[in-house]
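Student: This note's numbering numbers the first residue of the sequence shown as 19 and each following residue consecutively.
In this text, a Cβ means the ideal position worked out from N, Cα and C, and glycines have one as well.
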Amino acid sequence: MASVDHDPGATAHGGDVEAFVASIADPVRQQDARTLIELMARVTGEPPVLWGTSVIGFGRHTYRYPSGLQEDAAAIAFSPKKADTTLYLIDGADGYRAMLVPLGPHKISKGSLHLKRLVDVDLEVLAEVVRLSCAAVGRLA
C-alpha cells in the first residue's frame, strides 16, 4: 500500500468545504472541485470533509506503517492546486496505469494522480478508479 503524498499531519476537521471551494480563484479549478465532490460522494456514499487546509476527502482509512505507527487518512481525496488537481489514492495510482490509458491527459507521481482539467478526462474511467481504490482498502464492497 502506498502512502499518500499530502500533508501526513493533516486531520479531518469541521471546515466548510463549500467555503473552501468558493475561495478557489481559478473558475475552471473551482468547477473541477465541484465535479469531483459530486463524483466522489456518489461513488463512496460519503460526504466531503476538509482535511488540513486544502484537501477534500471522503471516508476514512487507518493507515498502518511498517513501524506500527497508525494514522487516519481519507480513503480517497483530492486537492485543487494552482497547476493541477491532485487525487490521492490511498493504495497509490501506480497499480492503475493500464486502466488510466483511456482517461485522458494525466500524470502520476508518488502514487498520486494529477489532472489539469476534468473536461479533458473520461469521468466514468475516473469514477471506476475511485471505486476500485476505495474497494482495495476495504472502504467499498
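Going straight from the alpha carbon of His31 to that of Pro120, what length do you get?
Tutor: Sequence index remark: in the sequence shown, residue 31 carries index 13 (1-based). Sequence index remark: in the sequence shown, residue 120 carries index 102 (1-based). Roughly 35 Å separates the two Cα atoms.
Student: Which residues mark the beginning and the end of the alpha helix (DSSP H) in which Thr80 is found?
Tutor: Numbered from its first residue, the sequence shown carries residue 80 at position 62. It is not in any alpha helix (DSSP H) - Thr80 instead sits in the beta strand (DSSP E) that spans His79 to Arg82.
Student: Find out if the Cβ-Cβ distance for the pair Leu105, Leu141 is shorter than 8 Å.
Tutor: The count along the sequence shown starts at 1 and reaches residue 105 at position 87. The count along the sequence shown starts at 1 and reaches residue 141 at position 123. No. Outside cutoff.
Student: For Ala37, is the classification buried or exposed, using 16 other Cβ atoms within 10 angstroms of its Cβ as the cut-off for buried?
Tutor: Here residue 37 corresponds to residue number 19 of the sequence shown, with the count starting at 1. Looking at its Cβ environment, which holds fewer than 16 other Cβ atoms inside 10 Å, Ala37 is exposed.
Student: In this structure, does DSSP put Ser85 in helix, strand or coil?
Tutor: Here residue 85 is taken as the residue at index 67 of the sequence shown, counted from 1. Correct three-state label for Ser85: coil.
Student: Applying the criterion that 16 or more other CB atoms from any shown protein chain within 10 Å of the CB defines a buried residue, is Tyr83 buried or exposed?
Tutor: Here residue 83 is taken as the residue at index 65 of the sequence shown, counted from 1. That one is exposed.
Student: Just tell me which of Ile94, Leu136 and Thr103 has its CA closest to the CA of Val147.
Tutor: Position 129 of the sequence shown, counted from the start, is the residue given in the question as residue 147. Out of Ile94, Leu136 and Thr103, Ile94 has the C-alpha closest to the C-alpha of Val147.
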